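Asker: Residue numbers (my numbering): 1160 to 1574.
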């Protein structure tokens, strides 16, 4: 990490002078605790986000090395059926759009447990995952997905290109935010992408973060938050060009961008989708610094709404449980000062999280069956982006009068 990395933009190196949002001190969002760890002091770190006045990249100060977060990781993509369906559709679309065959080569960056690449394996298309978390990569290998355990950047890209071959398709879904050295990471795409090849990158759109007060998507392992406006500058700096883009409903509103080498014929033929998105961002003010102002007051309103609801429930003698031991939920609970005194338990399908406690709030993580055994009055859905999926899975709570609650962008209670 560069000596001035905490005070300068990680892309253009301009010194910081504008705070986007300061969420105070919080623990690492994916550092789930054991019984023994509850007895020890829990480390917390500043969660402060700046916006660069030169390139408008929104970014958190890098207070924790990526190796401390991602080398052993508690998130497994395969526990969300919504995300699995999204990945399967992507693979089918890319096979058709790019005419991928057994002669092609696909590389996914941050391939997690093989949730996406297993579709290419099943189709007989050679592929390779690149995943820094050894425990998660091992699960991918068990599913038959070849996986290289490494952090991606220029050095890894060169090694993989020489060991295998350049990639016809490179995929990077929801990883760009996790990258502390943005320039090194994007330089790796330039190295590994074949001539005429396509890279796709999916990321939560900062337009939606601002519009819907999605501050809970801010946590220490998310180093940056992106607009199309800024990313076009980043990829152009490394000799790459965006030629198409799609809006996606995932993670509360994401973009999928399509990237090629700058000397590719497609570089001069930007799709209408790309022009439309540029216009939408300009209208929202994301091409100027004032488009990023005013978040603190809107976050305060969300926090006040959640705390008021929990106080009313406690006063009435009723109980609240939560669904989804998600990192975004941990930011929400910790910023709002919510603890196990307010929420009885949180259910999660991931066995790696069950039997642990949420960082900061110390709410116990239990199996979904506990929900139906304990029958709480309210179920707070923490991963609100999966609310439809969760409401369907927990529909039985209606039988005892239970109600669903979401807190973002504002408090909503549903029967």
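Using N, Cα and C, we set each Cβ at its ideal position, and we do this for glycine too. These numbers were taken from a predicted model, which means no experiment stands behind them.
Does the separation of the CB atoms of residue 1296 and residue 1329 fall below 9 angstroms?
Answerer: Here residue 1296 refers to the residue found at position 137 when the chain shown is read from its first residue. Here residue 1329 refers to the residue found at position 170 when the chain shown is read from its first residue. Not a contact, by the Cβ cut-off of 9 angstroms.
Asker: Could you please give the first and the last residue of the uninterrupted alpha helix (DSSP H) stretch that includes residue 1527?
Answerer: Mapped onto the chain shown, residue 1527 falls at position 368. Where residue 1527 is concerned, the enclosing alpha helix (DSSP H) stretches over 1527 to 1533.
Asker: What does the alpha-carbon distance come out to for the pair residue 1615 and residue 1431?
Answerer: Outside the shown range of the chain (1160 to 1574) lies residue 1615, about which nothing can therefore be said.
Asker: Between residue 1531 and residue 1450, what straight-line distance do the alpha-carbon atoms span, to the nearest angstrom?
Answerer: Counting from 1 along the chain shown, the entry for residue 1531 is found at position 372. Counting from 1 along the chain shown, the entry for residue 1450 is found at position 291. When rounded, the distance between both Cα atoms is 45 angstroms.
Asker: Could you tell me the distance, in whole angstroms, from the CA atom of residue 1555 to the CA atom of residue 1563?
Answerer: Here the question's residue 1555 lines up with position 396 in the chain shown. Here the question's residue 1563 lines up with position 404 in the chain shown. Residue 1555 and residue 1563: Cα-Cα distance of roughly 11 angstroms.
Asker: Under the rule that 16 or more other beta-carbon atoms within 10 Å means buried, what is residue 1174, buried or exposed?
Answerer: Reading the chain shown from its first residue, position 15 is the one you call residue 1174. Result: exposed.
Asker: Can you give me the C-alpha to C-alpha distance between residue 1327 and residue 1169, rounded to a whole angstrom?
Answerer: Sequence index remark: in the chain shown, residue 1327 carries index 168 (1-based). Sequence index remark: in the chain shown, residue 1169 carries index 10 (1-based). Taking the straight line joining both Cα atoms gives about 28 angstroms.
Asker: Put residue 1271 into one of helix, strand or coil per three-state DSSP.
Answerer: Reading the chain shown from its first residue, position 112 is the one you call residue 1271. Secondary structure at residue 1271: coil, using DSSP grouped into helix, strand and coil.
Asker: Enumerate in chain order the residues of its own chain whose CB-to-CB distance from residue 1207 is below 6 angstroms, with the five nearest sequence positions on each side excluded.
Answerer: Here residue 1207 corresponds to residue number 48 of the chain shown, with the count starting at 1. Excluding positions up to five away in sequence, the list reads 1181 and 1220.
Asker: Is it a yes or a no for the stretch 1518 to 1530 touching the stretch 1495 to 1508, going by three-plus beta-carbon pairs under 8 angstroms?
Answerer: Because the criterion of three Cβ pairs below 8 angstroms is met, the stretch 1518 to 1530 and the stretch 1495 to 1508 touch.
Asker: With burial defined as no fewer than 16 other Cβ atoms inside 10 Å of the residue's Cβ, what is the status of residue 1572: buried or exposed?
Answerer: As a working note, residue 1572 is residue 413 in the chain shown. Label assigned to residue 1572: exposed.
Asker: Taking the beta carbon of residue 1306 as the centre, do at least 16 other beta carbons fall within 10 Å, making it buried, or is it exposed?
Answerer: For the purposes of this step, residue 1306 is taken as residue 147 along the chain shown, with counting starting at 1. Under this definition residue 1306 is a buried residue.
Asker: Would you call residue 1574 buried or exposed, if buried means 16 or more other Cβ atoms sit within 10 Å of its Cβ?
Answerer: In the chain shown, residue 1574 corresponds to position 415, counting from 1. Exposed, because fewer than 16 other Cβ atoms sit within 10 Å of the Cβ of residue 1574.
Asker: Output the residue ranges of the alpha helix (DSSP H) runs that lie fully inside the stretch 1442 to 1477 and measure 4 residues or longer, sorted by chain position.
Answerer: 1454 to 1474
Asker: Does residue 1160 pass the burial test, meaning 16 or more other C-beta atoms within 10 Å, or should it be called exposed?
Answerer: By one-based count along the chain shown, residue 1160 stands at place 1. Low per-residue confidence applies at residue 1160: pLDDT is 39, beneath 50, and the placement is therefore not dependable enough to give any value.
Asker: Bridge partners of residue 1286, per DSSP?
Answerer: In the chain shown, the residue the question calls residue 1286 occupies position 127. Answer is 1265.
Asker: Rounded to whole angstroms, how far is the Cβ of residue 1385 from the Cβ of residue 1445, which I believe are closer than 8 angstroms?
Answerer: Stepping through the chain shown from its first residue, residue 1385 is reached at position 226. Stepping through the chain shown from its first residue, residue 1445 is reached at position 286. Contact doesn't hold; Cβ gap of about 10 angstroms is too wide.
Asker: So, for residue 1179: in the same chain, excluding its five sequence neighbours on each side, which residues have a beta-carbon less than 7 angstroms away from its beta-carbon?
Answerer: Residue mapping note: residue 1179 aligns to position 20 of the chain shown, counting from 1. Here the set comprises 1208, 1209, 1210, 1217, 1451 and 1454.
Asker: Assuming residue 1362 and residue 1333 make a contact with CB atoms under 8 angstroms, what is their CB distance in whole Å?
Answerer: For this step, residue 1362 is matched to residue 203 along the chain shown. For this step, residue 1333 is matched to residue 174 along the chain shown. Distance from residue 1362 to residue 1333 at the Cβ level is roughly 6 angstroms; contact confirmed, criterion being Cβ atoms closer than 8 angstroms.
Asker: Among residues of its own chain, excluding the 5 on either side of residue 1200, which ones have a beta-carbon nearer than 8 angstroms to its beta-carbon?
Answerer: As a first step, residue 1200 must be located in the chain shown, where it is residue number 41. When the five nearest sequence neighbours on each side are left out, no beta carbon in the same chain lies closer than 8 angstroms to the beta carbon of residue 1200.
Asker: Taking buried to mean at least 16 other C-beta atoms within 10 Å of its own C-beta, is residue 1477 buried or exposed?
Answerer: Taking the first residue of the chain shown as position 1, residue 1477 is located at position 318. Classification of residue 1477: exposed, given that the 10 Å Cβ count is below 16.
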